[in-house]
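Asker: Please see the structure below; I have some questions.
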Amino acid sequence: DVKVTQSSRYLVKRTGEKVFLECVQDMDHENMFWYRQDPGLGLRLIYFSYDVKMKEKGDIPEGYSVSREKKERFSLILESASTNQTSMYLCASNFGGSGRGEQFFGPGTRLTVL
Amino acid sequence: AQTVTQSQPEMSVQEAETVTLSCTYDTSESDYYLFWYKQPPSRQMILVIRQEAYKQQNATENRFSVNFQKAAKSFSLKISDSQLGDAAMYFCAYRRGSGGYQKVTFGTGTKLQVIP
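Protein chains in written order, with this note's numbering: chain P, 1 to 114; chain U, 1001 to 1116.
Written out as structure tokens, the structure reads:
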């Protein structure tokens, strides 16, 4: 089975802190994604990566950055956390190429910024 | 830009009954995929069913089936013989078909309650 893991299920941080969210997948997927999930807004794409060291902005990249130094690991960084970044963060991955596109999701990290 | 609309924020169904969740999308592409994902409470999101736009036949997966109306840009999910384990958030999603790293656009979700 494909496994996508995230470093924390719950995280509480203070305003202004630098926050790292880690995601690891074990299926050698080329693509990895970070989403933010908020009630009534669905999933919104923050960033995605299609290869090591490659990244593309999604719909809401402001206030976030990402890092992909190894194929299996994709990190989301909040440079200076703010209360409006309190949310559920979902990582996902899938194969590149002209595949059927299914994404495999991690369990999510519920981040609270105080 | 592609958009996906789920107009039913919440729905409920009696156990063993059938329920249909609605989804419409907007695209100018001819080659694309549509998905329904399920997110149970406090659990990981998983794929329920997938439809390739070039296929006329509606996809089915056990108790789950879709009604894909390409011209109307409608993609509804039917759950038959509803079970308590079907209670979850359901997201409709769209992905353009060509290319390696295509963005997926999600709807806002429908919360399904199953009443015993």
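C-beta atoms are modelled at their ideal positions from N, C-alpha and C, and glycine is treated no differently. Predicted model, so just to flag it, every value in this text is computed and none were measured.
1) Starting from the beta carbon of residue 40(P), find every residue of chain U whose beta carbon is closer than 9 Å, and list them in chain order.
2) Where does residue 46(P) land, buried or exposed, given buried means 16+ other C-beta within 10 angstroms?
3) Within its chain, find whatever has a CB closer than 7 Å to the CB of residue 1076(U); leave out the 5 residues flanking it on each side and keep chain order.
4) Between which two residues does the beta strand (DSSP E) containing residue 1044(U) stretch?
5) Which whole runs of the beta strand (DSSP E) in the segment 1068-1092 of chain U are 3 residues long or more, in chain order?
6) With 8 Å set as the bound, which would you pick, yes or no: does the beta-carbon of residue 1112(U) sit closer than that to a beta-carbon of chain P?
7) Answer yes or no: does any C-beta atom of chain P fall closer than 8 Å to that of residue 1019(U)?
8) Taking the beta strand (DSSP E) that residue 32(P) falls in, what are its first and last residues?
9) For residue 12(P), is the classification buried or exposed, using 16 other Cβ atoms within 10 angstroms of its Cβ as the cut-off for buried?
10) Are the segment 15-23 of chain P and the segment 76-84 of chain P touching, with three or more C-beta to C-beta distances below 8 Å?
11) If we define contact as Cβ-Cβ less than 8 Å, is residue 1064(U) a contact residue for chain P?
Answerer: Here's the rundown:
1) 1009, 1108, 1109
2) buried
3) 1020, 1021, 1022, 1023, 1066, 1067
4) Residue 1044(U) -> no beta strand (DSSP E), and no H or E assigned at all.
5) 1074-1079
6) no
7) no
8) 31-38
9) exposed
10) yes
11) no
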